[in-house]
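First the structure, in the form of structure tokens, and then the observations on it.
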Amino acid sequence: MRAIVLDRPGRFRVAKVPDPTPGPGQIVVKVDCCGVCGTDIHIMDGEFPPTPYPITPGHEFAGTVAAVGPEVAIDLPLGAKVAVDPSLYCGYCRRCRSGRDNLCENWAAIGDTVSGAFAEYVAVPAVNAHLLPDGVDGQLGAMVEPLACAVHGLRRLGPLFGDTVVLTGAGTMGLLLLQLLVHAGAGPVTVVDRVADRLAVARKLGAAHTASGLSDLDGERFEIAVDATGVPAVVDGVSGLLDRGGRLLVFGVSPAEATIGLSPFRVYNDEITVTGSMAILRSFAPAVELIGSGAIDPRPLLSEPLPLDEFGEALHRVRTGQGIKWHIKPS
Ligand SMILES: [Zn+2]
Ligand SMILES: [Zn+2]
């Protein structure tokens, strides 16, 4: 089969590699669509430490069941449409045993630490596959993974009682978080992004207000701030807009060594809550439901998928902020 292979950071090729065969408990998925995400850029640039090279990346994907290995206990008929939760965790470390699989001491993921879905076929644990409802095509199915991350983020934030929200970053994750916030009963959501086209999509998806920079919001106060940029100065700035009793969700990925200047006095005196959210925790099945029911509609975020040969072009478009979400269709 054909697959993207990253030999080392900064160097990839479209390669001929052996077809995967399903081991015990595994299925092979024929990949329909696989999303390009910020993590893929970090893997490409050698900035995602657990990555072993060479690797085939790709962790946001859906396809059809092409082969079923031995010792698969669940019913996954050949040809069934599935989306795959890329999370791999050990199940026996202290955190797994306390229900925090996403913080597993032996955490791994399909497309991040083992072969992923920028390939015609990928072998995955059968228990990671989720059947897709009718009407959910491969490209929508490939949006389940990012939505599952956003669902976990919203759970981390806790209940919403009509709270006013400021959300920074209107890329894929920001716009999914926006839809979830609206769906979950947040009050008016103000979305901040430098790119006017993205703000137009945000308004279409339920943003009450939009702004091109935090300085436009001087003097305003919000009960919830959600950062989906990962830019430390933006996280710092948006936390300054929190009202007393406010909650901050740090969702975007900042550089590991970055710090912000959040005032401990404010955290104490104003009872500010700061919450992080890492990947997926039992939020994949709910994300399948949300897309299947149409409650969350990722279609305004999507561009026409590109073939495997245009993987480099897809990376370029993500890096340069063209469009919102790009997918590769390997065959
Ligand atoms: Zn991703
Ligand atoms: Zn574990």
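Using this note's numbering, you'd call the opening residue of the sequence shown number 50 and step up by one each time.
The beta-carbon is built from N, C-alpha and C at its ideal position, and this holds for glycine as well.
One Cα belongs to residue 281, the other to residue 307, and the distance between them is close to 7 Å. From the listed residues 55, 319 and 309, the smallest Cα separation to residue 161 is found for 55.
Three or more Cβ pairs closer than 8 Å define a contact, and the stretch 145–163 falls short of that threshold against the stretch 202–213. In terms of CA proximity to residue 134, 157 leads the group 143, 157, 141 and 147. Along the stretch 219–287, the beta strand (DSSP E) occurs as fully enclosed runs of 3 or more residues at 238–241, 258–260 and 271–276, listed in sequence order. Per DSSP, the unbroken beta strand (DSSP E) holding residue 56 starts and ends at 51–57. For residue 98, the distance from the CB to the nearest heavy atom of ligand 1 is not below 7 Å.
For residue 115, the enclosing beta strand (DSSP E) begins and ends at 109–117.
Here residue 158 carries a strand assignment [DSSP, helix/strand/coil]. Placement of the Cβ of residue 151 at a distance of 7 Å or more from every heavy atom of ligand 2 is found.
Taking 7 Å as the cut-off, one finds at least one heavy atom of ligand 2 near enough to the beta carbon of residue 155. Taking residue 87 as the centre and dropping the five residues before and after it, the same chain places the C-beta of 302 closer than 7 Å to its C-beta, in chain order.
In this chain, residue 99 is not harboured by any alpha helix (DSSP H), its DSSP state being neither H nor E. Under the three-state reduction of DSSP output, residue 371 falls in the coil class, being neither helix nor strand. Remark: the C-beta of residue 148 is outside contact range of ligand 2, defined as less than 7 Å to any heavy atom. In this structure, the straight-line span from the alpha carbon of residue 298 to that of residue 272 is close to 11 Å. Taking the Cα of residue 188 as reference, the smallest distance to any Cα among 320, 330 and 85 is reached at 85. The C-beta distance from residue 65 to residue 115 rounds to 18 Å, too long to meet the 8 Å contact threshold. For residue 150, the three-state secondary structure derived from DSSP is helix.
Here residue 123 is exposed: its Cβ has fewer than 16 other Cβ atoms, across all protein chains shown, within 10 Å. Membership of residue 377 in the beta strand (DSSP E) is indicated by the continuous run 376–378. Within the model, the alpha-carbon separation for residue 138 versus residue 322 is close to 28 Å. Among the bridge pairs identified by DSSP, residue 305 is matched with none. Taking a cut-off of 8 Å on C-beta distances, the stretch 217–224 does not touch the stretch 142–150, as fewer than three cross pairs fall below it. Looking at the DSSP output, residue 76 shares a beta bridge with 117 and 173.
Here the distance from the Cβ of residue 144 to the nearest heavy atom of ligand 2 is below 7 Å. Here the C-alpha atom of residue 353 lies approximately 45 Å from the C-alpha atom of residue 316. Counting the other CB atoms within 10 Å of its CB gives residue 296 a total of 16 or more, which places it among the buried residues. Look at residue 347 here: in three-state DSSP terms it is coil, with no helix or strand label. Rounded to whole angstroms, residue 356 and residue 326 show a C-alpha spacing of 32 Å. When the five nearest sequence neighbours on each side are left out, the beta carbons in the same chain lying within less than 8 Å of the beta carbon of residue 261 are those of 241, 242, 243, 245 and 248, in order along the chain. Within 10 angstroms of the beta-carbon of residue 318 lie fewer than 16 other beta-carbons, which makes it exposed.
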